[in-house]
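In the numbering used here, the protein residues as written are 5 to 156.
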């Protein structure tokens, strides 16, 4: 027996042994970084869901405490669920408020002009008019089944 382990062909002190050790350690560090980032992403998602759930629970408790009728409570709960599904806890308005007005306007035009062109009364309007209309729009969330038109 020569004393060399056939299972481990690299001898300490050789170049191959050093490269293998460095590659192994580098792989461990990269794996740890990836796992850490995934953990942070999951924590962030859970944090916004927890904030939403606390707010929803407080609203439900408030309605029960003040004797709000069950029909209205169900409507509020449906709206809360719909709001969460639509935004996932992201406050779009505060995100947009962080941008300069000209960028906000360009983003709004990019997103909403196509939608306005689909409305029959706006389909033949000039692009400039549609852009002005888009800048006058204000976001609102309505529950399914709500009437969104009003007279006046």
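Note that the Cβ used here is the ideal one computed from N, Cα and C, for glycine as well.
Cβ contact annotation for residue 43 (same chain, cutoff 8 Å, sequence separation greater than five): none. Annotation for residue 109: the continuous alpha helix (DSSP H) segment containing it runs 105-122. If you ignore the 5 residues before and after residue 146, its C-beta comes within less than 7 Å of the C-beta of 152, all in its own chain and listed in chain order. With a cut-off of 8 Å on Cβ pairs, the stretch 102-115 is not in contact with the stretch 67-86, counting fewer than three such pairs. With respect to residue 134, residue 126 sits close: the two C-beta atoms are nearer than 8 Å. For residue 101, the closest alpha carbon among the candidates 50, 23, 142 is that of 142. Taking the CA atoms as reference points, residue 90 sits about 28 Å from residue 69. In this chain, the alpha helix (DSSP H) harbouring residue 134 covers 131-140.
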